[in-house]
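Below you'll find the structure, written out as structure tokens, and then a few comments.
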Amino acid sequence: MRITKIENGAELTVALEGRLDTTTAPLLENELSASLGDVNELTLDFDHLEYISSAGLRVLLFAQKIMSKKGGMKIVNANEMVMEVFDVTGFSDILTIA
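Reading the sequence shown from the start, the letters are residues 0 to 97 in numbering that gives the first Met the number 0.
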């Protein structure tokens, strides 16, 4: 998985490319842990995300918990497969998806 970060003041966009699964979820969690200190708005761009597993969902909950206290988090450009995972797991009800 490739992680690309774009910082704009207190806003951070993190674009993911590839698969967010058991192997790659710790990489994203570590990246977010190191990057969210001064961030008030987090955008996760899933335009090139091919797959998300339960380990990936756990990282999204981790980020959502942090960002709900600081400002907000949204997910953009999720494909049909990722949206289906969000719908089946109920994540579409707890995450902000644009």
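C-beta atoms are modelled at their ideal positions from N, C-alpha and C, and glycine is treated no differently.
Straight-line spacing of the CA atoms in F90 and G70 works out to 19 Å. Cβ-Cβ distances below 8 Å link D37 to A9 in the same chain, with the five nearest sequence neighbours on each side left out; the list follows chain order.
If you check the CB distance, L19 and S52 come in under 8 Å.
In this chain, the beta strand (DSSP E) harbouring V13 covers 10-19.
Only buried fits M66, as 16 or more other CB atoms lie within 10 angstroms of its CB.
Judged by beta-carbon spacing, T95 lies beyond the 8 Å limit of M80, meaning their Cβ atoms are not closer than that value.
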